[in-house]
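Asker: Dropping a structure here in structure tokens format, bear with me for questions.
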Amino acid sequence: MRKPILAALILATCGDASPPAFSTGAISTAPASTSGNSTSGSTSSTGTADDSAGPGSAEGQSTGVLRDVGTVEDFGTGQPVGCKGKVDLLFLISSLGTMVPEQKQLLASFPGFVATINEKLADFDVHLMVGNPKGTWAGWSCEKACNDDPQSCAEDGYQCHVYPKLVTPCDATLAAGLTFNAGSDAANRRCQLFGGNRYIISGEPDLADAFECIAKVGTSGGGPPIGDALIAALKPKINAEGGCNTGFLREDALLVVVLIIDSEDDESTSWPYQQYEAVIDAKGGDPNAVVVVGIIAQEKKDPPVPGCAYYDPGDQHKVQQLVRKFPNHIEGDTCAPTYAPYFDQAADLIGEACGKFVPQ
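The sequence shown begins at 354 in this note's numbering and counts up one residue at a time.
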């Protein structure tokens, strides 16, 4: 998978230069599918913490009407005037033990996502990162089992007493880009990414393999403070020179956040309104600079999908609250048979958002 495919990723996420990608009208989002079948529709919503260190630290309402951004001839380079050809994609994926089926669905859905975006080609500038959702190195759970039951993790490819020697401070930093996923159901290898960053950039020679390596977070450990991780990923210090994610977050890029979690966010010390405000503040107060995709747990309906996790009675649905605060959002269901339709819908929504976002 060569550079044109990566370029196509950004074209799909930022929209091509043809008029359909920037036609006026309401922003369309996808509702969750709680029956196990993906559906489409419209559910749009609007809504309304100190720097942590780099390595080793834990760190408006939209009308839905697109502005006229010109014709194909106006653009010259083929890049939409709004996002200027730059998109920062941040994935936060739960590694809770209940995420075994979701991990498989995510990885199985990605080829379809790539196939969709591969239909369009353009030279756009992408940053794609999977942030550490817990602020720990997940391999320690396997390391604890190495003496008593070494085969428990060895079957997944984990190397007892070897991998801990390879851990760096950033591997155990909240929201740092994951490049060494270890433990049950994880990649269990150090990801070698083009450019030497903790995130994928344009020019990655094997996008599919690189994405699988950083996105296969495994199922070791407890629930993640995914809201706190989102805030931490946007802090200036972790993105500054010398930080774990140096250069990931760019002021003039459209920010796309993808949350994949099948449980309530009980671990975060922040609340959805604070998380929302942190994201908008990080993008200069412009809600049009952000697109959020939440593939999240839903309330149980009959018949339930076997092996799927649902919200429990009494849950506050914090992640759902967060997702619905953003004017540009897609809400998906972790129990859906495939996530590819959510990525397809996100590509259209991101293209529309690019037409509205004008960096200052």
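Idealized CB from N, CA, C, for every residue including glycine.
Contact check, G488 vs N598 under 8 Å by CB: the rounded distance?
Answerer: With 8 Å as the limit, G488 and N598 do not qualify as a contact, their Cβ atoms being about 14 Å apart.
Asker: Is G571 near S448, with beta carbons less than 7 Å apart?
Answerer: Contact flag set, yes.
Asker: Applying the 10 Å Cβ sphere with the 16-neighbour rule, what's the burial state of K569?
Answerer: It is buried - the Cβ of K569 has at least 16 other Cβ atoms within 10 Å.
Asker: Based on Cα-Cα distance, which residue from I579, R542, R551 and H480 lies nearest to G595?
Answerer: Of I579, R542, R551 and H480, the residue nearest in Cα terms is R551.
Asker: Drop a sphere of 10 angstroms on the beta-carbon of P486, count the other beta-carbons inside from all chains shown, and report buried for 16 or more, exposed for fewer.
Answerer: Buried, because 16 or more other Cβ atoms sit within 10 Å of the Cβ of P486.
Asker: Identify the continuous beta strand (DSSP E) that holds L531 and give its terminal residues.
Answerer: It is not in any beta strand (DSSP E) - L531 carries neither H nor E in the DSSP assignment.
Asker: Would you call the stretch 660–676 and the stretch 610–622 in contact, with 3 or more CB pairs under 8 Å?
Answerer: Result yes; three or more Cβ-Cβ pairs closer than 8 Å.
Asker: Which same chain residues, not among the five before or five after M482, have their C-beta less than 6 Å away from its C-beta?
Answerer: Cβ within range, chain order: L443, G530, Y552 and F601.
Asker: Straight-line CA distance for P384 to I683?
Answerer: Reliability of the predicted coordinates at P384 is poor, the pLDDT of 39 falling under 50, and the value obtained from them is presented with this limitation in mind. Rounded to whole angstroms, P384 to I683 spans 7 Å at the Cα level.
Asker: Can you round the beta-carbon distance between Q628 and G580 to whole angstroms, since I take them to be within the 8 Å contact cut?
Answerer: Sure, about 4 Å apart at Cβ, within 8 Å.
Asker: M482 bridges to which residues according to DSSP?
Answerer: Answer by DSSP bridge pairing, in chain order: L443.
Asker: Can you give me the start and stop residues for the beta strand (DSSP E) that D647 sits inside?
Answerer: The displayed chain sequence assigns Gly, not Asp, to residue 647. Its beta strand (DSSP E) spans residues V643 to I649.
Asker: Rounded to whole angstroms, what's the CA-CA distance from N592 to V479? Just pull it up for me.
Answerer: So the two alpha carbons sit approximately 15 Å from each other.
Asker: Looking at C-beta atoms only, is the number of pairs between the stretch 489–500 and the stretch 509–518 that lie closer than 8 Å three or more?
Answerer: Taking 8 Å as the limit for Cβ pairs, the verdict is that the stretch 509–518 does touch the stretch 489–500.
Asker: Would you mind sorting Q698 into buried or exposed? The rule is 16 or more other CB atoms within 10 Å of its CB.
Answerer: Flag for Q698 reads buried.
Asker: What are the partner residues of G685, as DSSP defines its beta bridges?
Answerer: Partner(s): I648.
Asker: Leaving out the 5 sequence neighbours to the left and right, which residues in its chain are closer than 6 Å to P454 when beta-carbon positions are compared?
Answerer: Same-chain partners within the cutoff: G660.
Asker: What separation, rounded to the nearest whole angstrom, lies between the Cα atoms of C506 and D524?
Answerer: Straight-line Cα distance between these residues: approximately 19 Å.
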